[in-house]
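Asker: One structure is given below, represented as structure tokens, and several questions about it will come after.
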Amino acid sequence: MTTPFDPARQQASTVCLPPGNWATVLDCLCDHFKAIDRAQWLDRFARGRVLDAEGRAVAAELPYKRGMRLHYFREVPNERPIPVQEEVLHVDEHLVVADKPHFLPVTPSGEYVEQTLLRRLIRRLGNPHLVPLHRIDRHTAGLVLFSANPQSRSAYQRLFPERRIDKRYQAIAAAMPQHDFPLVHKSRLVHGEPFFRMHEIEGEANSETWAEVLEKHGDLWRYGLSPVTGKTHQLRVHMAALGAGISNDPFYPQLLKEEDDYQQPLKLLAQSLRFEDPLSGEERYFESRLRLDW
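Residue numbers for the sequence shown follow the UniProt record's numbering, so the first one is 1 and each next one is one higher.
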């Protein structure tokens with residue numbers, strides 16, 4: 001019996017060809033994905049990396065047909081290895097919890113495809129159904145929670161927008177004796193320039209962070225941070241706004257155009273996750289084994 005082609009299992013992307021007047025599927029794909037040049041598509045066709053709905057390799061000269069379903073494999077030429085190693089802390093039927101090191105992206109984007117936590121875990125655990133339930137920045141280390149089972153996924157996904165999960169972070173930054181801790185910082189965060197940086201503007205707050213001091217070490221303090229909301233780079237922007245950008249932050253308060261320095265990671269750690277399991281009702285608690293050094 002032939003096993004049906006499963007694009008998720010094979011880590012393939014799927015596209016339904018849009019309406020147009022192209023002669024071949026190659027012409028359509030080149031026009032539809034303008035960031036990928038014709039030579040790259042020809043190379044993918046030649047290596048059998050473009051498939052039909054049944055998973056069979058197709059030829060570049062295959063006549064175009066509106067609505068045709070194709071599967072292709074996203075690739076980054078000469079993707080550089082990231083010399084860090086994740087640790088799997090927990091695996092069960094529904095959840096996987098991993099300790100992500102600094103510099104490793106959670107999911108494929110930009111110049112990273114295979115060198116991501118998701119792709120590494122799929123290969124390591126042999127489970128193509130893994131989906132991250134939340135994200136942390138590439139520069140941030142610590143806990144990432146994955147759904148391992150499509151049947152129970154929605155129950156765990158609701159924990160985050162419904163704020164039924166307690167996320168605790170640690171950060172090392174300059175001392176801030178001018179503030180009384182613990183404190184709550186609220187602001188309105190929007191995308192700025194470049195597009196990947198966030199900044200605060202006037203207006204109704206859409207982000208909130210609770211902060212405390214855990215330890216003092218001369219001019220550096222260890223802070224405990226709890227994001228009430230989950231905006232992009234929220235903790236990094238809020239710490240910079242309070243007057244002490246997180247140590248080694250390449251984005252805040254100033255953007256530094258430098259290569260990754262594995263000896264000077266961002267001093268931000270997703271340290272713990274606590275929630276009531278939506279299936280069993282039991283309290284679940286996970287804690288990172290990583291630690292921020294001074």
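Ideal Cβ positions, reconstructed from N, Cα and C, are used throughout, including at glycine.
With 16 as the cutoff for other CB atoms within 10 Å, does THR2 come out buried or exposed?
Answerer: A caution first: THR2 carries a pLDDT of 48, below 50, which makes its placement in the model unreliable, though a value can still be read off. Looking at its Cβ environment, which holds fewer than 16 other Cβ atoms inside 10 Å, THR2 is exposed.
Asker: So which of ARG66, ILE82 and VAL97 has the shortest CA-CA distance to LEU89?
Answerer: The candidate whose alpha carbon is nearest that of LEU89 is VAL97.
Asker: If you scan the UniProt domain "Pseudouridine synthase RsuA/RluA-like" (94-241) from start to end, which runs of the beta strand (DSSP E) of 3 or more residues do you find wholly inside it?
Answerer: DSSP runs (the beta strand (DSSP E)) wholly in the UniProt domain "Pseudouridine synthase RsuA/RluA-like" (94-241): 95-100, 141-147, 165-174, 183-191, 198-201, 207-217 and 220-227.
Asker: Between which residues of its own chain and residue 324 is the CB-CB distance below 8 Å, once the five residues before and five after are set aside?
Answerer: This structure gives no information on residue 324, because the portion of the chain shown stretches from 1 to 294.
Asker: With a Cβ-Cβ cutoff of 8 Å, do THR116 and PRO105 count as a contact?
Answerer: Yes; because the gap between Cβ atoms is below 8 Å, this pair is in contact.
Asker: When the distance is taken between beta carbons, is MET239 closer than 8 Å to GLY245?
Answerer: Yes, the pair counts as a contact, with Cβ atoms nearer than the cut-off.
Asker: Looking at the strands, I want to know which residues DSSP matches up with PHE275.
Answerer: DSSP lists ILE165 and ARG284 as partners of PHE275.
Asker: Based on the DSSP output, what are the partners of GLU87 in its beta bridges?
Answerer: Looking at the DSSP assignment, GLU87 forms a beta bridge with ASP99.
Asker: Leaving out five residues on either side along the sequence, give the residues of the same chain with a beta carbon under 8 Å from the beta carbon of ARG289.
Answerer: Around ARG289: GLU87, LEU89 and ASP99.
Asker: From the DSSP output, read off the bridge partner residues of SER13.
Answerer: SER13 is bridged to TYR72.
Asker: Which residues does DSSP list as the beta-bridge partners of LEU269?
Answerer: Beta-bridge pairing links LEU269 to ALA141 and GLN170.
Asker: Assign LEU62 to one of three DSSP states: helix, strand, or coil.
Answerer: Coil at LEU62, not helix or strand.
Asker: Could you round the C-beta distance between ALA141 and PRO265 to whole angstroms and report it? I think they count as a contact, below 8 Å.
Answerer: With a Cβ gap of about 7 Å, ALA141 and PRO265 count as contacting.
Asker: Near ARG69, which residues of its chain fall below 7 Å by C-beta distance, leaving aside the five closest residues on each side in sequence?
Answerer: Answer for ARG69: THR14, CYS16 and ALA53, listed in chain order.
Asker: Do the CB positions of SER272 and LEU143 come within less than 8 Å of each other?
Answerer: Against a cut-off of 8 Å, the Cβ pair of LEU143 and SER272 comes out as a contact.
Asker: Does the beta-carbon of ILE201 have 16 or more other beta-carbons within 10 angstroms, so that it is buried, or is it exposed?
Answerer: So ILE201 counts as exposed.
Asker: Tell me where the alpha helix (DSSP H) around GLN40 begins and ends.
Answerer: Here the alpha helix (DSSP H) through GLN40 covers 38-46.
Asker: Taking only the alpha-carbon atoms, compute the straight-line gap between GLU204 and SER187 and give it to the nearest angstrom.
Answerer: Going from the Cα of GLU204 to the Cα of SER187 covers about 7 Å.
Asker: Which word fits ARG66, buried or exposed, when buried means at least 16 other C-beta atoms lie within 10 angstroms of its C-beta?
Answerer: So ARG66 counts as exposed.
Asker: Going by C-alpha to C-alpha distance, which of ILE82, LEU269, GLU208 and PRO18 sits closest to ARG168?
Answerer: Looking at the Cα atoms, LEU269 is the closest of the given residues.
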